[in-house]
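> What follows is a structure written as structure tokens; I'll ask about it next.
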Amino acid sequence: MSFHSNASKHQAETTISKLFSNILHTEPSSKKNSNKKPISSTQLVSNQFNHHTIKKKKTSNKNINKKVEKEKSFNKFVKYNYIKNKAVKSESDQKYLKKLAKKNINKLNSVSKIDDFEISEEFDQVSSELLDSLKPKGGKRLRKKLLRVRPEDEADNGFEEKIKKGVISYPGLTPGLAPVDYDEEDSE
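In terms of the numbering used here, the sequence shown has 109 at position 109, counting the first letter as 1, and numbering is strictly consecutive.
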């Protein structure tokens with residue numbers, strides 16, 4: 001159950017505790033107000049009425065604080081743009097810019113830190129995969145020639161494999177034997 005104020009909540013709790021004490025024949029115990037003076041019913045009612053005015057004051061204070069913060073941020077923005085567009089900057093301007101840079105770096109670092117180990121590992125893995133996919137896929141240079149697979153090379157590889165398997169015969173060679181013109185007597 002929601003209450004409009006602490007006073008109404010307190011009043012409800014005390015009536016319920018009195019009701020239970022009458023039914024169970026025990027003494028009512030007040031935990032919160034054991035060291036405080038008891039509040040009269042007129043004081044409870046006045047607290048309930050004052051609650052709305054206090055709430056209005058809080059909201060108006062919040063609105064005032066928001067306006068003040070907006071003014072501060074706008075003034076800082078104007079000051080930064082004024083200093084940034086100056087051709088010659090004084091020492092105080094340079095100090096202000098350094099301070100602003102450090103402040104922004106600290107904000108970025110505090111936001112970018114990831115506390116969970118598993119999430120940070122996964123983040124690193126995904127970022128490395130993205131960086132690898134974004135790299136240009138140029139070939140490697142060796143002796144001023146670009147090494148890359150050409151369709152002609154693939155055809156040559158298939159031809160050489162077929163020769164090794166014995167599917168295609170090559171002129172001058174018999175499959176698995178020495179060349180046709182080769183004489184053993186000539187080698188001695």
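We put the CB at the ideal spot given by N, CA and C, even for glycine.
Keep in mind it's a predicted model, so treat the numbers as computed, not measured.
Report the rounded CA-to-CA distance for Leu131 versus Leu108, giving the unit in angstroms.
Distance between the alpha carbons of Leu131 and Leu108 is about 22 angstroms.
> For Ser5 and His51, which I take to be in contact (beta-carbon distance under 8 angstroms), what is that distance rounded to the nearest angstrom?
Between His51 and Ser5 the Cβ distance is about 4 angstroms, and since that is below 8 angstroms, they are a contact.
> Compare the beta carbon distance of Ile105 and Tyr96 with 8 angstroms and say whether it is the shorter of the two.
For Ile105 and Tyr96, no; Cβs fall outside 8 angstroms.
> Do Leu44 and Ala101 have their C-beta atoms closer together than 8 angstroms?
Not a contact, by the Cβ cut-off of 8 angstroms.
> May I ask you to report which of helix, strand or coil DSSP gives Glu27?
Three-state DSSP puts Glu27 in coil, outside helix and strand.
> State the DSSP-derived secondary structure class of Asp132, mapped to helix, strand or coil.
Residue state, collapsed to three classes: helix.
> Please report how far the alpha carbon of Asp124 lies from the alpha carbon of Ile54, in whole angstroms.
Each residue's alpha carbon lies about 50 angstroms from the other.
> Would you kindly work out how many angstroms separate the C-alpha atoms of His240 and Ser17, rounded to a whole number?
Nothing about residue 240 can be reported from this structure: the residues present for the chain run from 1 to 188 only.
> Do you know offhand how far Glu121's Cα is from Leu134's?
Each residue's Cα considered, the two are about 20 angstroms apart.
> Hey, could you find the ends of the alpha helix (DSSP H) Ile39 is sitting in?
It is not in any alpha helix (DSSP H) - Ile39 carries neither H nor E in the DSSP assignment.
> Is DSSP giving Ser2 helix, strand or coil here?
Note: Ser2 maps to coil in three-state DSSP.
> Once you ignore the five residues that flank Lys79 on each side, which residues in its own chain have a CB closer than 8 angstroms to its CB?
So the list reads Tyr96, once near-sequence residues are dropped.
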